[in-house]
Amino acid sequence: MIRFVRGELVSIADDHAIIDVGGVGYEVTISPPLAASLRERGTGSTVRVFTYHCERGGAAGSGIPMLVGFGSELERDFFVELLSVPQLGPVGACKAMAVPVGTIAKAISLGDETALKRLPGVGKQRARDMISKLQEKMTPYLAAGEEMAERPAADELTSAALAILTQLGMSQAEALHRISAVREAEPEIDEADALVRAVFRRK
0 MIRFVRGELV SIADDHAIID VGGVGYEVTI SPPLAASLRE RGTGSTVRVF
50 TYHCERGGAA GSGIPMLVGF GSELERDFFV ELLSVPQLGP VGACKAMAVP
100 VGTIAKAISL GDETALKRLP GVGKQRARDM ISKLQEKMTP YLAAGEEMAE
150 RPAADELTSA ALAILTQLGM SQAEALHRIS AVREAEPEID EADALVRAVF
200 RRK
């Protein structure tokens with residue numbers, strides 16, 4: 000099991016990054032929050048990404064091997080929990096992690112289908128499945144969410160705005176580019192809704 004990779008960030012796309020580890024290029028599927036964080040660091044920087052090795056598609060043992068990357072071990076653990084949701088799969092689970100883990104955990108814990116349906120790829124039935132499978136397992140992730148609420152990070156603001164913009168139909172690449180431009184020009188913005196409004200103002 001590959002638990003993390005550390006190396007030079009060679010490139011980053013909407014849903015994956017290439018990391019050079021000792022001359023070997025690892026393609027790592029990434030969540031929107033990690034994509035935002037890596038873009039802020041920029042190519043050429045040294046990064047460490049926590050990883051989970053799994054298979055995409057096919058029956059057990061016949062799928063395509065893939066590495067999924069996360070910014071923390073907690074995010075990786077939460078992703079593993081999501082894999083128990085019927086028909087979600089690693090790609091769907093990664094896409095659904097478009098907002099901070101604590102936010103998703105709170106929605107699951109409260110049985111809030113409406114909040115869960117705002118996540119990419121999550122409809123009514125999938126929201127219900129997430130609640131049914133995971134509602135009693137969210138305590139560690141709720142605690143983490145409360146800790147982060149006391150000291151909100153800049154990349155959480157980016158992640159929240161990114162989730163809103165992609166739900167409105169903007170591509171992840173464009174959304175990340177425009178969010179970055181707004182935050183550089185207006186660093187005083189500290190709420191996702193205000194950041195989204197500023198993105199459209201600067202259209």
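First residue of the sequence shown? That's 0 in numbering that gives the first Met the number 0, and the numbers climb one at a time after it.
For each residue, glycine too, the CB sits at the ideal point set by N, CA and C.
Remember, it's a predicted structure, so these values are computed and weren't measured experimentally.
- Along the length of the segment 59 to 146, whole alpha helix (DSSP H) runs at least 4 residues long occupy 72 to 81, 88 to 95, 100 to 109, 112 to 115, 123 to 133, reported in chain order.
- Ranked by Cα distance from residue 116, the options 49, 78, 94 are led by 94.
- With a 10 Å radius around the Cβ and a threshold of 16 neighbouring Cβ atoms, residue 52 comes out exposed.
- Closest by C-alpha distance to residue 9, out of 35, 41, 91, is 41.
- Taking all protein chains shown into account, residue 20 has fewer than 16 neighbouring C-beta atoms within 10 Å of its C-beta and is therefore exposed.
- No Cβ-Cβ contact shorter than 8 Å links residue 141 with residue 170.
- Below 8 Å, too few C-beta pairs join the segment 126 to 141 and the segment 167 to 184 to call them touching: fewer than three.
- Proximity to residue 103 across 176, 22, 37, 74 peaks at 74, based on C-alpha coordinates.
- Buried is the label assigned to residue 36, since at least 16 other Cβ atoms lie within 10 Å of its Cβ.
- DSSP places residue 19 in the strand class (E or B) of the three-state scheme.
- A buried status is given to residue 65, since no fewer than 16 other beta-carbon atoms sit within 10 Å of its beta-carbon.
- In this chain, the beta strand (DSSP E) harbouring residue 5 covers 3 to 11.
- Secondary structure of residue 47 (DSSP, three-state): strand.
- Per DSSP, the beta-bridge partners of residue 29 are 68.
- By the beta-carbon neighbour count (other beta carbons within 10 angstroms, threshold 16), residue 63 is exposed.
- Look at residue 55 here: in three-state DSSP terms it is strand.
- Residue 1 is classed as exposed because its beta carbon has fewer than 16 other beta carbons within 10 Å across all chains shown.
- In chain order, 18, 20, 25, 27, 47, 48, 50, 66, 68 place their CB closer than 8 Å to the CB of residue 4, counting only its own chain and leaving out the 5 sequence neighbours on each side.
- Under the criterion of beta carbons closer than 8 Å, residue 38 and residue 175 qualify as touching, at roughly 5 Å.
- Counting other Cβ atoms within 10 Å of its Cβ, residue 184 stays below 16 and is therefore classed as exposed.
- For residue 159, the closest of 72, 34, 111, 87 by C-alpha to C-alpha distance is 34.
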